[in-house]
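Report on the following structure.
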Amino acid sequence: VMVTHSPAHAEWAKRIVHLFDGRIVSENLLEAAS
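Residue numbers 402 to 435, in the working numbering, belong to the letters of the sequence shown in order.
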């Protein structure tokens, strides 16, 4: 698990989850960069 505010660092993830007030507001599955 990695928590970041940096979109550049988040691009290395397979999945990005956006939270607001402790609740999931969106979830994106990505192809991880290699």
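Heads up, the beta-carbon is just placed ideally off N, CA and C, and yes, glycines get one too. Fair warning: this is a prediction, and the values are worked out from it, not measured in the lab.
| Check | Outcome |
| --- | --- |
| Relative to the alpha-carbon of Leu430, which residue among Asp422, Val402, Ala414 has its alpha-carbon at the smallest distance? | Ala414 |
| I think Val418 touches Glu428, with their Cβ atoms under 8 Å apart; what is that distance to the nearest whole Å? | 5 Å |
| Within the continuous alpha helix (DSSP H) that includes His410, where are the two ends? | 408-411 |
| Assign Leu430 to one of three DSSP states: helix, strand, or coil. | strand |
| What number of angstroms, rounded off, separates the C-alpha of Ser407 from the C-alpha of Arg416? | 14 Å |
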